[in-house]
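Counted the way the UniProt record's numbering counts, the first sequence spans residues 1 to 750.
Glycine included, C-beta positions come from ideal geometry on N, C-alpha and C.
Predicted model only: the values in this text are computed from it and were never measured.
These notes concern the structure reproduced below.
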Amino acid sequence: MRWTCEYLKHPHLLSPSNLTRNLINTYKFAFLHIQHSSLVNGDSTYESKIKTLHANLIKNGSLLHNLQVGNRLLNRCVESLNFGYAQKLFDEMLYRDVRTWTIQLSGFARVGSFSSALDCFRRMQNECVWPNKFTLSSVLKCCSSLYELRMGKSVHGWIVTSGIGLDVTLENSILDLYVKCEAFDYVKKLFELMEDRDNVSWNIMVGAYLHIGEVEKSLCLFERLPEKVVASWNTIIDGLMKNGFQGIALELLYRMIISGHVFNKVTFSIALNLASSLSNVELGRRIHGCVLTFGVQDDRFIRNSLIDMYCKCGEMEKASVLFRKVSRDFLRMRNAKTSCEAEIVSWSSMISGYVRNGEYDDAFKTFRSMVCEQVGMSKFTLTSIVSACANAGILVLGRQMHAYIMKVGHKIDAHLSSSLIDMYAKCGSLDDAWKIFKQTDNPNVVQWTSMISGCALHGQGREAVKLFEHMTKKGIRPNEVTFIGVLTACSHAGLLEDGCDYFKLMKGHDLKPGFEHFACMVDLYGRAGHLNEAKEFIYNNSLSHLSAIWRSLLSSCRLHKDFAMAKRVSEKLPQLEPCDAGPYILLSNMLATEHKWEESAKVRRLMKHRGVKKHPGQSWIQLKNLVHTFVAGDRSHPQDTEIYSYLERLIGRLKEIGYSSDVQMVIQDVEEEQGEVFLSLHSEKLALVYGIISTPCGTPIQIMKNLRVCTDCHNFIKCTSQLLDREIIVRDIRRFHQFKNGRCSCGDYW
DNA sequence: TATACGCCAA
1 MRWTCEYLKH PHLLSPSNLT RNLINTYKFA FLHIQHSSLV NGDSTYESKI KTLHANLIKN
61 GSLLHNLQVG NRLLNRCVES LNFGYAQKLF DEMLYRDVRT WTIQLSGFAR VGSFSSALDC
121 FRRMQNECVW PNKFTLSSVL KCCSSLYELR MGKSVHGWIV TSGIGLDVTL ENSILDLYVK
181 CEAFDYVKKL FELMEDRDNV SWNIMVGAYL HIGEVEKSLC LFERLPEKVV ASWNTIIDGL
241 MKNGFQGIAL ELLYRMIISG HVFNKVTFSI ALNLASSLSN VELGRRIHGC VLTFGVQDDR
301 FIRNSLIDMY CKCGEMEKAS VLFRKVSRDF LRMRNAKTSC EAEIVSWSSM ISGYVRNGEY
361 DDAFKTFRSM VCEQVGMSKF TLTSIVSACA NAGILVLGRQ MHAYIMKVGH KIDAHLSSSL
421 IDMYAKCGSL DDAWKIFKQT DNPNVVQWTS MISGCALHGQ GREAVKLFEH MTKKGIRPNE
481 VTFIGVLTAC SHAGLLEDGC DYFKLMKGHD LKPGFEHFAC MVDLYGRAGH LNEAKEFIYN
541 NSLSHLSAIW RSLLSSCRLH KDFAMAKRVS EKLPQLEPCD AGPYILLSNM LATEHKWEES
601 AKVRRLMKHR GVKKHPGQSW IQLKNLVHTF VAGDRSHPQD TEIYSYLERL IGRLKEIGYS
661 SDVQMVIQDV EEEQGEVFLS LHSEKLALVY GIISTPCGTP IQIMKNLRVC TDCHNFIKCT
721 SQLLDREIIV RDIRRFHQFK NGRCSCGDYW
């Protein structure tokens, strides 16, 4: 170490004539020394020292004339993810050999810039540099990550014909390529033909079975593995999780620990993912503790997994604490022109976390700062932000985002286009959703599904059914989500028979109905007034332990005014879902309508005693680029006096044309304040009135609500649309209601 | 200097 420092201080010692093998070794130490001190002193010293060394090398010409020295320096830059510098160095080098290219290429691959890596490979071919095995396996990895089957096949062919010779690593790379590209015939053939198989090969095969959902086979193979390394455990645990076997995955994780395997970075990521998919924040915290004990908290992948875990468990505070560190690092690295793919992932995670937790405002804030800080955008970021627009239901914002995506010239892939379709549908413009859908070349199942669900959302059941038929005729296999869309459409349009047929059709497509499908069916029977069939369906399919199912039935009871059954159902709910406020409020209200005040109060007390969280109902309206949010009985708006006095006058005028408050509406799981606040102060009424007084006569008004709209408000809005001759659009949690001339597009069926 | 297993989107 001391020697290297001397060399740094006296660059003349590095004269070209002295470039013997010994001297090259000295360089090696110089690099190691610099790297060591970078760990101790932080990035800035590292930067300057590399630069000093670089300058010295240029000065005495050794960089230009000695490949080994140049390659080594390049490798250091790549390893420290300093791509700007690496690129500069690469361009400066007089001589480049296959190693130079390979270092650059595999560096890109390591940070996930696979297309840059492949560009590099093409340039290399143009300059007639013959690739070696290292180059080729990196290239194959890029192909498999980008699902470039064609290019991968041609590389495979080239390897065979060029006589470069296959070894286990290369064959593994090819095997993996075929697995990723789902070319299973090739996988089988190649695996059988392989002479040497190491534990990587076996691991690829375990992964292959998991990839196609053959869980049994993969477990068998895993148990028979000649040697179980950490990666084997990682593969099986992750694959089980992705196939929905969280329980077995967790068991295996424990087994892995007991059998003495030490976690690697990948294991931490997978374990955190498992915690969030189990919604087990306690497990997540424990793993976070281990991460700190192992001292790997600064690993980018692990940090992202931690952020993601906290986001998915609804702990945005905790996630944002971790995220603050990322954005600080990002600024520092941007100044060093360093690649930051991993940092983009953190931003995307935060945005999607905010969206998931309904904090749209923070999602937009994060996005805006991402634009200001010039963080690169990924398709993940854009998809998340479009979905934030969709959930917020603000069409203007959604359009702006669409324009932004076009402006930055981002390719609209399947994910993005389906989220755009979803966004336009959820923001009320089904026409625009259709436009995007029709622009799509070969819509895949997800895009079809988005369009079908969009029609369902707007109550266009027949259109949705037509789309479904069209899609299957085209030979596209519907998935579980597609069926949710079409079943919802049927139930909203009262197409009982069609719905039953589609439910049966699921089996024909080899799909097992899940909880959502059963819920759709209960809804379908209930809405059509077949309450007893609905109840039978619940018991026949053993769904009686699911609260959401009973809640759906309850809505139907309300719709068809079967109060006796409603009461029986509402008594079940608090037992099934002790932590949800809805059922308690519901039950207490039901008891109140029967004047059983003492019992009603008892239910409320029980709720308080159990510390049940309330889910506040709120409505919002967007006017002139501002979003105004209201909760029931809200007094916080600056124009509240105006709103309340107009509301009072409006109710008076509505009563003259036959509106009366619906006292029975309390049999519903609407706003938490029910029974506490007068019906007339529900948030949707406040938002509507604010819309009326802030816009000229005749302007259509659109409001959003995060729960279902209640019967009284529905009546109120119907009458208002007639009295004021205004089109009023309400998007509640389930669907769109378009009020016109005293009627609603849902046909009072929601 | 290479290959398997990990984070973010509908």
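Check	Outcome
Per the contact definition of three or more C-beta pairs closer than 8 angstroms, is the region 143–154 in contact with the region 124–132?	no
Identify which residue in 450, 205, 382 and 733 has its Cα closest to the Cα of residue 178.	205
Have a look at 632, 709 and 568 and flag the residue whose alpha-carbon is nearest the alpha-carbon of residue 682.	632
Between the beta-carbon of residue 416 and the beta-carbon of residue 382, is there less than 9 angstroms?	yes
Return the CA-CA distance between residue 361 and residue 161, expressed in angstroms with no decimal places.	58 angstroms
Taking 8 angstroms as the threshold, find out whether the region 298–316 comes into contact with the region 347–359 through three or more Cβ pairs.	yes
Which of the three DSSP states, helix, strand or coil, is assigned to residue 735?	coil
Measure the C-alpha to C-alpha separation of residue 477 and residue 349 and round it to an integer number of angstroms.	30 angstroms
By DSSP, does residue 512 sit in helix, in strand, or in coil?	coil
Tell me, to the nearest whole angstrom, how far the beta carbon of residue 736 is from that of residue 686; I am working on the premise that it is less than 8 angstroms.	Going by Cβ atoms, the distance from residue 736 to residue 686 rounds to 20 angstroms, so no, they are not a contact pair.
Within this structure, are the beta carbons of residue 263 and residue 230 separated by less than 9 angstroms?	yes
I need the straight-line Cα distance from residue 706 to residue 549, nearest angstrom please.	19 angstroms
Name the residue from 455, 514 and 520 whose alpha carbon lies nearest to the alpha carbon of residue 487.	520
If we count the other Cβ atoms within 10 Å of its Cβ and call it buried at 16 or more, is residue 597 buried or exposed?	exposed
Tell me which same chain residues have a C-beta within less than 6 angstroms of the C-beta of residue 424, skipping the five on either side of it?	432 and 433
Contact defined as beta carbons within less than 8 angstroms: I believe residue 139 pairs with residue 121. What is the distance between those atoms, to the nearest angstrom?	5 angstroms
For residue 638, is the classification buried or exposed, using 16 other Cβ atoms within 10 angstroms of its Cβ as the cut-off for buried?	exposed
What span of residues does the beta strand (DSSP E) with residue 543 cover, start to end?	Run containing residue 543: none; DSSP gives neither H nor E here.
Looking only at its chain, what residues have a beta carbon closer than 7 angstroms to the beta carbon of residue 494, apart from the 5 residues adjacent to it on each side?	527, 528 and 749
In whole angstroms, give me the CA-to-CA distance for residue 207 and residue 259.	21 angstroms
Can you tell me which of the three DSSP states residue 623 falls into?	strand
Roughly how many angstroms separate the alpha carbons of residue 387 and residue 427, rounded to a whole number?	11 angstroms
Name, in chain order, the residues that DSSP records as bridge partners for residue 324.	Partner(s): none; residue 324 has no beta bridge.
What residues in its chain sit with their C-beta under 7 angstroms from that of residue 141, if we drop five residues either side in the sequence?	109 and 173
Could you tell me the alpha carbon to alpha carbon distance between residue 447 and residue 524, rounded to whole angstroms?	24 angstroms
Below 8 angstroms on the Cβ atoms is my guess for residue 218 versus residue 236; work out the distance and round it to an integer in Å.	7 angstroms
Cα-Cα, which of 203, 212 and 617 is closest to residue 182?	212
Sorted by chain position, which residues of the same chain lie with C-beta nearer than 8 angstroms to residue 243's C-beta, five sequence neighbours on each side aside?	210, 213 and 215
Given a cut-off of 9 angstroms, decide if residue 73 and residue 94 are closer than it, judged by their beta-carbon atoms.	no
Name the DSSP beta bridge partners of residue 704, please?	620 and 731
What's the call for residue 20, buried or exposed, on a 16-neighbour Cβ count within 10 Å?	Confidence is the limiting factor: at residue 20 the pLDDT is only 42, short of 50, which leaves the residue's position unreliable, though a coordinate-based value still follows. Per the 10 Å Cβ criterion, exposed.
For residue 726 versus residue 697, is the C-beta distance shorter than 9 angstroms?	yes
State yes or no: is the C-beta of residue 657 within less than 9 angstroms of the C-beta of residue 701?	no
Give the DSSP bridge partners of residue 180, in chain order.	Partner(s): none; residue 180 has no beta bridge.
In whole angstroms, what separates the C-alpha of residue 571 from that of residue 532?	17 angstroms
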